[in-house]
Amino acid sequence: MCFWEPNNQARALRKRSQRLFFWCAVCLSLLSLLCIKALGGNGQITQSGGVLAGRVTRGPISPVILPNVGHTPSPVANVKVMVRALDANRFASAITNEEGYFRLALTPGTYQVTLGPLGGMAFSKDVPATITIKAESEIWMEIHIDTGIR
């Protein structure tokens, strides 16, 4: 049996070194992914992003508006808010929730904001709009859709 022991030890040592190699490769892969994430494609450190947030509302919803009666615009759900970077081929979009709110995380830069198809006679004077996102800042947009009802 003494003859087989060194062979078994060598086999066990080989398995341990294979496991160690595997875990080293996994750690190096994760480290390289973190470095790529921290560094831009050109090797420069990327800035923290900013946020575009806002609310989409619509009105009037009735052709008759009574005097001295407040008519608050109603929120619009499921509207696509589209953002296109002016300096690159980057696009982003968000869909408004039930209360008309949307939120997009964007890298710093200048963007054009538009809405998806509205249908009917609806339109908005608030878009297209040009915005500038700065690192670690938030821009708020109120977008009102005019229903065309008069």
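Numbering of the sequence shown is given in our numbering, commencing with residue 2 and proceeding in unit increments. We treat Cβ as the ideally placed atom computed from N, Cα and C, and that holds for glycine.
What's the gap between the Cα of isoleucine 144 and the Cα of glycine 50? 22 Å
Just verifying my parser: in three-state terms, what is the DSSP assignment at serine 125? In this structure, serine 125 counts as coil in the three-state DSSP scheme.
Determine which residues share a DSSP beta bridge with alanine 106 and list them. Val52
State buried or exposed for leucine 21, treating a residue as buried only when at least 16 other CB atoms are found within 10 Å of its CB. exposed
Three-state secondary structure assigned by DSSP to serine 94: strand
Where alanine 13 sits in the DSSP three-state scheme: helix
From the DSSP output, in three-state form, read off leucine 202 for me. Nothing can be reported for residue 202, as the shown portion of the chain is limited to 2 through 151.
Given a threshold of 16 other Cβ atoms within 10 Å of its Cβ, counted over all protein chains shown, does glutamine 45 qualify as buried or as exposed? Confidence in glutamine 45 is poor, its pLDDT being 47 and thus under 50, which makes the residue's placement unreliable; the coordinate value appears in the next sentence. It is exposed - the Cβ of glutamine 45 has fewer than 16 other Cβ atoms within 10 Å.
Within this structure, are the beta carbons of asparagine 79 and threonine 108 separated by less than 8 Å? no
Can you tell me whether DSSP reads valine 80 as helix, strand or coil? coil
For the candidate residues Ala89, Phe92 and Thr148, whose alpha-carbon lies nearest to that of methionine 122? Nearest C-alpha to methionine 122: Thr148.
By DSSP, does aspartate 88 sit in helix, in strand, or in coil? coil
Tyrosine 102 versus His72, Gly55 and Arg12, residue with shortest Cα-Cα distance: Here the closest residue by C-alpha is Gly55.
Valine 82 to proline 74, Cα distance in whole Å? 18 Å
Please confirm whether valine 52 and arginine 85 have their CB atoms less than 8 Å apart. The beta carbons of valine 52 and arginine 85 sit no closer together than 8 Å.
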